[in-house]
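First the structure, in the form of structure tokens, and then the observations on it.
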Amino acid sequence: MTPEDIKIVRSSWRKLMGIDPAILGDVFYTKLFTEQPALRKLFPADMTAQHKKLIDMLTSIVSGLENFEKMLPEIKLMAVRHVGYGVKTAHYDMVGKALLWTLEKGLQHDWNDKTKQAWTLCYQTLANVMISAANEKTI
Ligand code: HEM
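Each position in the sequence shown, counted from 1, maps to that position plus 54 in this note's numbering.
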């Protein structure tokens with residue numbers, strides 16, 4: 055990611071944080087489970103806590119993007135925990151699509167090609183690290 059991408063991701067995330075995280079989380083998981091109903095069973099029945107965990111984690115990743123290396127140990131541990139939740143490599147694409155869709159809906163007129171490109175890169179970078187860490191663990 056270029057410094058410009060990081061700036062775009064950070065400022066668009068700040069705008070999104072004007073939306074109640076419970077609502078944002080609800081939009082994201084509703085989209086995910088509508089498109090991928092099979093994923094619902096991986097998650098707890100009550101999703102209230104999950105909304106906040108996801109948003110908090112994304113907030114800390116977004117704010118640490120300049121020093122991505124520093125976050126690697128924490129991200130890798132999180133990836134290994136995800137193996138235990140039953141998460142597979144193919145799921146990362148599904149989650150990425152639902153996330154991008156949620157960002158687009160939440161940002162409305164602030165969503166454009168540059169924002170899309172920056173977030174795509176951001177998610178891919180994160181997902182690649184998580185997928186590699188998960189595979190290292192399971193091989
Ligand atoms: C790549 C970005 C992702 C981020 C930032 C993220 C973040 C989180 C966080 C912070 C938690 C709380 C528990 C923990 O830290 O271990 C969690 C739990 C979970 N995530 Fe993710 N996740 C990501 C990708 C995925 C993917 C691709 C799936 C596949 C469906 C997934 C499914 C789950 C499930 C099933 C739980 C456990 C819920 C529970 O039993 O409490 N996550 N995620």
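The beta-carbon is built from N, C-alpha and C at its ideal position, and this holds for glycine as well.
To the nearest whole angstrom, what separates the beta carbons of residue i and residue j, a pair I think is in contact under 8 Å?
{"i": "residue 161", "j": "residue 169", "result": "7 Å"}
{"i": "residue 180", "j": "residue 115", "result": "6 Å"}
{"i": "residue 60", "j": "residue 120", "result": "6 Å"}
{"i": "residue 151", "j": "residue 81", "result": "Residue 151 to residue 81, Cβ: 14 Å. No contact."}
{"i": "residue 184", "j": "residue 136", "result": "7 Å"}
{"i": "residue 111", "j": "residue 83", "result": "That belief does not hold up - the Cβ atoms of residue 111 and residue 83 are roughly 14 Å apart, past 8 Å."}
Just the Cα atoms here: how many angstroms apart are residue i and residue j?
{"i": "residue 156", "j": "residue 67", "result": "12 Å"}
{"i": "residue 92", "j": "residue 145", "result": "10 Å"}
{"i": "residue 103", "j": "residue 167", "result": "32 Å"}
Nearest to residue i by alpha carbon, out of the options?
{"i": "residue 141", "options": "187, 103, 73, 78", "result": "187"}
{"i": "residue 176", "options": "189, 153, 190, 159", "result": "153"}
{"i": "residue 72", "options": "56, 125, 122, 113", "result": "113"}
Under 8 Å between the Cβ atoms of residue i and residue j?
{"i": "residue 147", "j": "residue 69", "result": "no"}
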